[in-house]
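Novice: Next up is a structure, given as structure tokens.
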Amino acid sequence: MSSAGETWTEAYVDAWRSNDAQQIGALFAEDARYLTSPDSEPRVGRAAIVAGWLEDLDDPGTWSFEWSIIHEDESLVLIQGRTQYPAERDYLNLWVVRLDAEGRATAFTEWYMPRPHQD
Numbered sequence: 001m002s003s004a005g006e007t008w009t010e011a012y013v014d015a016w017r018s019n020d021a022q023q024i025g026a027l028f029a030e031d032a033r034y035l036t037s038p039d040s041e042p043r044v045g046r047a048a049i050v051a052g053w054l055e056d057l058d059d060p061g062t063w064s065f066e067w068s069i070i071h072e073d074e075s076l077v078l079i080q081g082r083t084q085y086p087a088e089r090d091y092l093n094l095w096v097v098r099l100d101a102e103g104r105a106t107a108f109t110e111w112y113m114p115r116p117h118q119d
């Protein structure tokens, strides 16, 4: 049986692949905060998160993502990942996600470190 963090992360990756507004919105609580980096201006609220995602989306097939959960408790999930953009660059990722009782994110912060592209 999948944990809440695994279920949420799988749904996030599915939404990332599809760029479907309903799938994206379903990930987040109505008043969620989404930061694309720790020092970025947060997108606040589901509508702003969806709009920002669709303005800055990754086209399907242009990336791959490997991940694992490194910590999870009842409301906090830490996800370690590696995003590869074959035509560009690779990134190591740390996502800090707070989930509500329904399994929707109330807060999402991404930390990432670019690394040299590796074939």
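Residue numbers (the UniProt record's numbering): 1 to 119.
Cβ atoms here follow ideal geometry from the backbone N, Cα and C, with glycine treated the same way.
Mind checking Val44: buried by the 16 CB within 10 Å criterion, or exposed?
Specialist: On the sequence shown, residue 44 is found 44 positions in, with the first residue counted as 1. Classification for Val44: exposed.
Novice: Using three-state DSSP, classify Gly52 as helix, strand or coil.
Specialist: As a first step, residue 52 is located in the sequence shown; it is residue number 52 there, counting from the start. In this structure, Gly52 counts as helix in the three-state DSSP scheme.
Novice: Nearest CA to the CA of His71: which residue from Glu30, Ala4 and Ile79?
Specialist: Here residue 71 corresponds to residue number 71 of the sequence shown, with the count starting at 1. Among Glu30, Ala4 and Ile79, the Cα nearest to that of His71 is on Ile79.
Novice: What does the alpha-carbon distance come out to for the pair Gln22 and Arg115?
Specialist: Counting from 1 along the sequence shown, the entry for residue 22 is found at position 22. Counting from 1 along the sequence shown, the entry for residue 115 is found at position 115. If I take the Cα positions, the gap works out to 32 Å.
Novice: Could you spell out where the alpha helix (DSSP H) holding Arg17 opens and where it closes?
Specialist: For the purposes of this step, residue 17 is identified with residue 17 of the sequence shown, where counting begins at 1. Segment Ala4 to Ser18, the alpha helix (DSSP H) holding Arg17.
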